[in-house]
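These notes concern the structure reproduced below.
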């Protein structure tokens, strides 16, 4: 999901980009909760 948002976001419809950002943010929350140190996503708007 991160790769799509970083490299091909212009190919997505606005609702697809918004949903992908929300999905990535949810996955980040899971990884953070498991102490996996997922990094930061501020530059993607998540």
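In my numbering, the protein residues as written are 6 to 51.
Every residue, glycine too, gets a C-beta built ideally from N, C-alpha and C.
DSSP three-state label for residue 23, please.
Taking the chain shown and counting its residues from 1, one reaches residue 23 at position 18. In the structure shown, residue 23 sits in a helix (DSSP, three-state: H, G or I).
Can you tell me the Cα-Cα spacing of residue 13 and residue 20, whole angstroms?
Start at 1 with the first residue of the chain shown, and residue 13 comes out as number 8. Start at 1 with the first residue of the chain shown, and residue 20 comes out as number 15. So the two alpha carbons sit approximately 14 Å from each other.
Three-state class that DSSP yields for residue 36 in the structure shown:
The count along the chain shown starts at 1 and reaches residue 36 at position 31. The answer is helix: DSSP assigns residue 36 an H, G or I state.
Locate the alpha helix (DSSP H) running through residue 42, then write down its first and last residues.
Locating residue 42 in the chain shown gives position 37, counting from the first residue. Neither: residue 42 is in no alpha helix (DSSP H) and is coded neither H nor E.
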